[in-house]
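S.K.: Below is the structure I would like to discuss, written out as structure tokens.
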Amino acid sequence: MKYFFLSEGWVVGRVWEFGGLWNENAWRRLPEIKQMNLSILEQGEKLWLYQVEDLVVMVEVKPMPNTSPESAKTIGQVVLKRLITAEQVIERLAMTHSEIMVGGKG
533 MKYFFLSEGW VVGRVWEFGG LWNENAWRRL PEIKQMNLSI LEQGEKLWLY QVEDLVVMVE
593 VKPMPNTSPE SAKTIGQVVL KRLITAEQVI ERLAMTHSEI MVGGKG
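So this is what it looks like as structure tokens:
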């Protein structure tokens, strides 16, 4: 499995696998992407940990539309997220000087 941190208020867009963009018709399913019950608070921003299957090589993330007045400032903004290993997640959690929260959204 691979992982990435995603800011609260952002969502996953397109997904890439080794052959290019994830093709739901070819795979006959959506890629496995799961929000974990773990988040960190870094510089006032809540970052949720997500888990993805090994076939995924990269994900595009973008702000949720109409979530806040701030969303108008991010229209058209997308980011490609680098995926990390479980060991890298542990290293980041160990090195963070921020609050670590376990539990669901809210």
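Our numbering numbers the first residue of the sequence shown as 533 and each following residue consecutively. We treat Cβ as the ideally placed atom computed from N, Cα and C, and that holds for glycine. Only a predicted model underlies this, so the values are computations on that prediction, with no experimental measurement involved.
Would you list, in sequence order, the uninterrupted alpha helix (DSSP H) runs of no fewer than 4 residues that lie entirely inside the stretch 547-629?
M.R.: With a minimum length of 4 residues, the continuous alpha helix (DSSP H) runs that stay inside the stretch 547-629 are 556-559 and 618-627.
S.K.: Sort out for me which residues DSSP pairs Met633 with in a bridge.
M.R.: Position 101 of the sequence shown, counting from 1, holds the residue named residue 633. The partner list for Met633 (beta bridge, DSSP) reads Ser571.
S.K.: Compute the distance between the beta-carbons of Thr617 and Glu574, then report whether it is under 8 Å.
M.R.: Along the sequence shown, one-based indexing puts residue 617 at 85. Along the sequence shown, one-based indexing puts residue 574 at 42. Cβ distance not < 8 Å, so Thr617 and Glu574 don't count as in contact.
S.K.: What separation, rounded to the nearest whole angstrom, lies between the Cα atoms of Arg635 and Ile565?
M.R.: As a first step, residue 635 is located in the sequence shown; it is residue number 103 there, counting from the start. As a first step, residue 565 is located in the sequence shown; it is residue number 33 there, counting from the start. The question names Arg, but residue 635 is Gly in the sequence shown. Whole-angstrom Cα-Cα distance: 18 Å.
S.K.: Is Pro597 buried or exposed, if buried means 16 or more other CB atoms sit within 10 Å of its CB?
M.R.: Taking the sequence shown and counting its residues from 1, one reaches residue 597 at position 65. Its Cβ having fewer than 16 others within 10 Å, Pro597 is exposed.
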